[in-house]
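Notes follow once the structure below has been shown.
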Ligand code: GDP
């Protein structure tokens with residue numbers, strides 16, 4: 034996903050190598066190149082502006098260092114600013130003091146929520162938890178069956194509405210799912226919800242109703258990193274319509290430009306908790322801003 038950006042940044046920074054001192058003009062030229070690279074990678078403009086302003090200010094004010102030459106210092110600054118844009122510290126999942134911890138997934142249809150529910154459940158099991166998946170996407174045909182399939186692969190039970198009595202009420206299913214978890218001693222509940230192809234008031238209302246019914250400890254906004262700038266507008270719509278406590282980036286294995294991944298934290302103010310990079314259940318991990326920054330800087 035970050036190949037082009039990574040190549041661009043690496044080559045810009047390489048140009049500084051061998052310079053004994055950096056003039057203001059060198060720093061300005063470097064920042065100009067970085068700015069273009071970020072914009073071409075589809076990073077949101079306000080994020081780019083802030084990023085460049087910080088890098089410039091810090092590079093110009095950089096102390097003469099014994100340990101690092103000027104080029105290395107700029108690389109260090111760019112790296113630190115990238116880590117900052119991506120959220121700084123790794124943010125851990127917020128677990129309830131009194132289980133079950135309720136995690137609700139929200140996002141557009143096709144973002145990868147159902148797949149992610151399976152990935153998250155598998156990961157939670159690996160961490161010693163006893164999760165329960167709850168199928169509240171009653172909108173998309175087959176979503177319930179799809180969740181049952183991923184649940185089975187993950188070795189995690191799925192609470193689903195009885196079939197055959199119409200569409201059913203997702204709010205009721207969510208409520209009963211959490212009750213079932215309490216009953217059967219599942220310590221984490223992951224609730225899959227319905228999405229639409231575009232932002233839609235009814236979908237937002239449904240997600241907000243589920244949220245009010247189960248009061249999640251985490252509401253995770255699941256976003257396809259391949260949708261580019263749209264990721265930012267979608268994130269804003271979900272922030273305003275449902276509210277969320279964390280972000281999950283999916284499809285980081287794609288060859289889109291990746292700016293969404295670099296913008297969403299700053300634009301929404303919420304941290305990225307997990308990232309998905311493939312269709313298989315194991316293509317998933319905790320999101321580490323520092324590792325992602327190192328990957329981007331090659
Ligand atoms: P939902 O509508 O939000 O529940 O989305 P799904 O979980 O059904 O995923 C939509 C499509 O994206 C499916 O074909 C998934 O296999 C695929 N998908 C999900 N996550 C990833 C990912 O990280 N990488 C890739 N390449 N495909 C993914």
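In my numbering, the protein residues as written are 34 to 331.
Ideal placement from N, C-alpha and C gives every residue a C-beta, glycine not left out.
Model, not experiment: these values are computed from the prediction.
Cβ shell of residue i (< 6 Å), same chain only, five flanking positions each side left out
i, result
"residue 247", "135, 207, 211"
"residue 74", "38, 290, 291, 292"
"residue 163", "219, 220"
"residue 325", "119"
Those residues which DSSP pairs with residue i across a bridge
i, result
"residue 326", "Residue 326 is not bridged to any residue."
"residue 164", "221"
"residue 64", "Answer is none; residue 64 lacks a bridge partner."
"residue 279", "253"
"residue 319", "307"
"residue 191", "166"
"residue 134", "221"
"residue 226", "169"
Distance between beta carbons of residue j and residue i, contact taken as under 8 Å
i, j, result
"residue 46", "residue 108", "5 Å"
"residue 85", "residue 67", "7 Å"
"residue 330", "residue 308", "Contact flag wrong, Cβ pair sits at about 17 Å."
"residue 171", "residue 281", "Contact doesn't hold; Cβ gap of about 21 Å is too wide."
"residue 166", "residue 184", "5 Å"
"residue 306", "residue 124", "6 Å"
"residue 250", "residue 112", "Going by Cβ atoms, the distance from residue 250 to residue 112 rounds to 33 Å, so no, they are not a contact pair."
Where residue i falls: helix, strand or coil (DSSP)
i, result
"residue 271", "helix"
"residue 139", "strand"
"residue 346", "A query on residue 346 cannot be resolved here, the shown segment of the chain reaching from 34 to 331 and no further."
"residue 294", "helix"
"residue 44", "helix"
"residue 38", "helix"
"residue 262", "coil"
"residue 284", "coil"
"residue 77", "coil"
"residue 107", "helix"
Other residues of its chain near residue i: CB distance less than 7 Å, five sequence neighbours each side excluded
i, result
"residue 333", "Absent from the structure is residue 333, since the part of the chain shown begins at 34 and ends at 331."
"residue 236", "227, 228, 229"
"residue 121", "322"
Beta-carbon contacts of residue i that lie in its chain and below 8 Å, excluding the five residues immediately before and after
i, result
"residue 312", "148"
"residue 261", "75, 289, 290, 292, 293"
"residue 133", "165, 211, 214, 215, 219, 220, 221, 222"
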